[in-house]
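One structure below.
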Amino acid sequence: MNNDATIKIKMLKGSLRCFMFGVLGLLPVIGLPFAFAALWISGGVRAKEKQFWNAARPYRVWGVACAAGGTILWGFILMIAIYQATIK
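So the mapping is simple: this note's numbering equals the position in the sequence shown, first residue as 1, plus 32.
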């Protein structure tokens, strides 16, 4: 198989994994590690997008949006919980 085709397949699979982890990043409590994983995967896929066209780009974009939203939401809630635990 051609090396370019292998890179494109990995890029497509990475975009779908980013979407899956991004959606899981919206889960309460356990979603934070999934959101970080989605953001990490997105960085690798985005680097490959500079060379090749990515047909699954909307999945990567939605995955990043969900991961960023989950990170902000659950990070904020975690900070509030820690703050409430330390003032008592």
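Every residue, glycine too, gets a C-beta built ideally from N, C-alpha and C. From a predicted model like this one, the values you see are computed outputs, not experimental measurements.
Taken through DSSP and simplified to helix, strand or coil, residue 109 comes out as helix. In summary, residue 75 is exposed, with fewer than 16 beta-carbon neighbours lying within 10 Å of its beta-carbon over all protein chains present. Taking a C-beta distance under 7 angstroms as the contact criterion, residue 54 and residue 98 qualify as a contact pair.
Annotation for residue 58: 98, 102 place their beta carbon closer than 6 angstroms to its own, counting only its chain and skipping 5 residues before and after. Shown here, residue 114 sits in a helix according to DSSP, grouped into three states. Nearest Cα to residue 73 within the set 96, 114, 107, 41: 96.
Its chain contains 39, 43 as the residues whose beta carbon lies nearer than 7 angstroms to that of residue 80, once the 5 sequence neighbours on both sides are disregarded; these appear in chain order.
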